[in-house]
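Since the structure comes first, as structure tokens, the remarks are kept for the end.
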Amino acid sequence: MTEQQASKALAFGFASPITGAALGVIIGLAIFDIFDTFEQWTVVILIALLGFSIWFGANKSGEALAYAKKTGEPTAAKGAANLNSVLAIVWMAISFFVSITMALGAVNSFVERPSYDGREPYNPGDFTVAFDSTIFFGEFLPAVVIVAMAMFGFVFQLVATSKDED
Amino acid sequence: MAKQVELSARKLSINSLFLIAIGATSWWAITVLAIYSDLFYDDYRYELVEEEAPLKTDEPFTYYDSIYDPVIHPSTYMNLTAILVFAMTALWARQIARRATAMQAENRLVKTASVWSFIAVIIALLLGVVFAFATFVSSLAQGTGADPAVRIFATYVPILLSAGLLLFVVLRGFVIKPEVEND
Numbered sequence: 057m058t059e060q061q062a063s064k065a066l067a068f069g070f071a072s073p074i075t076g077a078a079l080g081v082i083i084g085l086a087i088f089d090i091f092d093t094f095e096q097w098t099v100v101i102l103i104a105l106l107g108f109s110i111w112f113g114a115n116k117s118g119e120a121l122a123y124a125k126k127t128g129e130p131t132a133a134k135g136a137a138n139l140n141s142v143l144a145i146v147w148m149a150i151s152f153f154v155s156i157t158m159a160l161g162a163v164n165s166f167v168e169r170p171s172y173d174g175r176e177p178y179n180p181g182d183f184t185v186a187f188d189s190t191i192f193f194g195e196f197l198p199a200v201v202i203v204a205m206a207m208f209g210f211v212f213q214l215v216a217t218s219k220d221e222d
Numbered sequence: 004m005a006k007q008v009e010l011s012a013r014k015l016s017i018n019s020l021f022l023i024a025i026g027a028t029s030w031w032a033i034t035v036l037a038i039y040s041d042l043f044y045d046d047y048r049y050e051l052v053e054e055e056a057p058l059k060t061d062e063p064f065t066y067y068d069s070i071y072d073p074v075i076h077p078s079t080y081m082n083l084t085a086i087l088v089f090a091m092t093a094l095w096a097r098q099i100a101r102r103a104t105a106m107q108a109e110n111r112l113v114k115t116a117s118v119w120s121f122i123a124v125i126i127a128l129l130l131g132v133v134f135a136f137a138t139f140v141s142s143l144a145q146g147t148g149a150d151p152a153v154r155i156f157a158t159y160v161p162i163l164l165s166a167g168l169l170l171f172v173v174l175r176g177f178v179i180k181p182e183v184e185n186d
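As given, the protein sequences belong to chains A and B, one line each in that order. All the letters of the first sequence, read from the start, carry residue numbers 57 to 222 under our numbering. All the letters of the second sequence, read from the start, carry residue numbers 4 to 186 under our numbering.
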């Protein structure tokens, strides 16, 4: 790796998570404005986009850090690697929280209560739990995808930021 | 030779991090299953009560009265299983990370794996404490009228099992560490 490539990698290391976050916010807003709804799969795509941008930034800052260690010159590579590590932790924690909230919402959506017309006394114990494929694929599966993405994506991000000995 | 040791240390560190991820995902899955199972077990049963109207010309007033009748929730043991799975994978990850540290302590990835395996063990301990405390607090709400069998298996046994798990994790994680081979 040359010095020019190292500085390019460092630039990508800082720029990638910022660009990814901005792009994610813009896409999310655009989807909400156009379709007037915010589906669970949209959240999956936005979290994936943000995760990928952090992973890419971590990868590039890891490369810059490896070069800095080899040459012994002080650069901002360590700062970029640390920034991406912190962002990876925040991304993982938020994704995990979103996934568990989404899964609990989906589980509660499986409960079906009879329509209450106001004449009969309300019975809180009168409900059935029925499998609904629309809820499963539309609400529960996105939560599973998010948690898997958060956990395993986080490992890839950590590995990407720790390239100093390559 | 040094390069080979470094590669092995990195591989061990990656395995350690993946183990933590597998443990956390398993915890998530079992916890969601436990919450789902709770839909089928209710501590209350509802009985239709009919009361006379104040005026004789009116119809009698009916409503469902909730009667507290606690049952043993499988979710209690499922939650404990989730913590057990996470704790075991965290301990295993820590053991692997220690092996990697013995090989090459200065590697950044090895340090990362070591730190995260330590954090995972601490999180497992916290989850165990929260579980035991939540079981204790919810048992206070049950009062003293509950069936003794329900009381024992819904409160005493889970708290004892949780305490045993915490003790095992603390001792295995920080005191009785398995010997690390220096390759």
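C-beta atoms are modelled at their ideal positions from N, C-alpha and C, and glycine is treated no differently.
Against chain A, with Cβ distances strictly below 9 Å, would residue i count as a contact?
i	result
residue 186 (chain B)	Residue confidence is low: residue 186 (chain B) scores 47 on pLDDT, short of 50, so the model does not pin down where it sits. No coordinate-derived value is stated.
residue 92 (chain B)	no
residue 17 (chain B)	yes
residue 21 (chain B)	yes
residue 24 (chain B)	yes
residue 137 (chain B)	no
Return the chain-ordered list of same chain residues with a C-beta closer than 7 Å to the C-beta of residue i, the five sequence neighbours on each side being excluded.
i	result
residue 149 (chain B)	73
residue 112 (chain B)	13 and 16
residue 115 (chain A)	216
residue 107 (chain A)	147, 205 and 209
residue 196 (chain A)	159 and 162
residue 119 (chain B)	20 and 23
residue 227 (chain A)	There is simply no residue 227 (chain A) to check, as chain A begins at 57 and stops at 222 in what is shown.
residue 56 (chain B)	62, 63 and 64
residue 98 (chain B)	181
Whole angstroms are fine: how far does the CA of residue j sit from the CA of residue i?
i	j	result
residue 51 (chain B)	residue 77 (chain A)	55 Å
residue 99 (chain A)	residue 96 (chain B)	31 Å
residue 57 (chain A)	residue 158 (chain A)	44 Å
residue 23 (chain B)	residue 131 (chain B)	17 Å
residue 94 (chain B)	residue 152 (chain A)	21 Å
residue 105 (chain B)	residue 115 (chain B)	14 Å
residue 68 (chain B)	residue 47 (chain B)	10 Å
residue 154 (chain A)	residue 94 (chain A)	14 Å
residue 152 (chain B)	residue 143 (chain B)	16 Å
residue 22 (chain A)	residue 139 (chain B)	Any question about residue 22 (chain A) goes unanswered here, given that chain A covers just 57 to 222.
residue 109 (chain A)	residue 21 (chain B)	21 Å
residue 83 (chain A)	residue 213 (chain A)	23 Å
residue 182 (chain A)	residue 203 (chain A)	33 Å
residue 177 (chain B)	residue 75 (chain A)	42 Å
residue 165 (chain B)	residue 127 (chain B)	11 Å
residue 117 (chain A)	residue 105 (chain A)	18 Å
residue 125 (chain B)	residue 107 (chain B)	24 Å
residue 186 (chain B)	residue 179 (chain B)	Confidence is the limiting factor: at residue 186 (chain B) the pLDDT is only 47, short of 50, which leaves the residue's position unreliable and the question unanswerable from this model.
residue 103 (chain B)	residue 123 (chain B)	17 Å
residue 102 (chain A)	residue 142 (chain A)	19 Å
residue 150 (chain A)	residue 27 (chain B)	14 Å
residue 81 (chain B)	residue 193 (chain A)	24 Å
residue 8 (chain B)	residue 117 (chain B)	17 Å
For residue i, I'd like the list of residues in its chain whose CB is within less than 6 Å of its CB, leaving aside the five on either flank, ordered along the chain.
i	result
residue 124 (chain A)	131 and 133
residue 222 (chain A)	Legend: pLDDT at residue 222 (chain A) = 47, less than 50; position of this residue unreliable, value from coordinates given subsequently. Cβ within range, chain order: 122.
residue 168 (chain A)	184 and 186
So residue i and residue j are in contact, right, with Cβ under 8 Å, and what is the actual spacing, rounded?
i	j	result
residue 156 (chain A)	residue 31 (chain B)	6 Å
residue 29 (chain B)	residue 89 (chain B)	7 Å
residue 40 (chain B)	residue 11 (chain B)	Wrong, their Cβ atoms sit about 43 Å apart, outside the cutoff.
residue 33 (chain B)	residue 84 (chain B)	6 Å
residue 140 (chain A)	residue 69 (chain A)	7 Å
residue 97 (chain A)	residue 180 (chain A)	Rounded, the Cβ-Cβ distance is 33 Å, inconsistent with contact.
What does the Cβ neighbour count give for residue i, buried or exposed, with the cut at 16 atoms within 10 Å?
i	result
residue 219 (chain A)	buried
residue 211 (chain A)	buried
residue 168 (chain B)	buried
residue 134 (chain B)	buried
residue 138 (chain A)	exposed
residue 200 (chain A)	buried
residue 86 (chain B)	buried
residue 73 (chain A)	buried
Ordered along the chain, which non-local residues of its own chain (more than five positions away) have a Cβ less than 8 Å from that of residue i?
i	result
residue 65 (chain B)	51, 52, 53 and 54
residue 165 (chain A)	188, 191 and 195
residue 88 (chain A)	94
residue 187 (chain B)	No answer is possible for residue 187 (chain B): the residues shown for chain B start at 4 and end at 186.
Counting only C-beta atoms, is residue i closer than 9 Å to chain B at any point?
i	result
residue 179 (chain A)	yes
residue 217 (chain A)	yes
residue 89 (chain A)	no
residue 66 (chain A)	no
residue 171 (chain A)	no
residue 160 (chain A)	yes
residue 165 (chain A)	no
residue 126 (chain A)	no
residue 182 (chain A)	yes
residue 207 (chain A)	yes
residue 83 (chain A)	no
residue 152 (chain A)	yes
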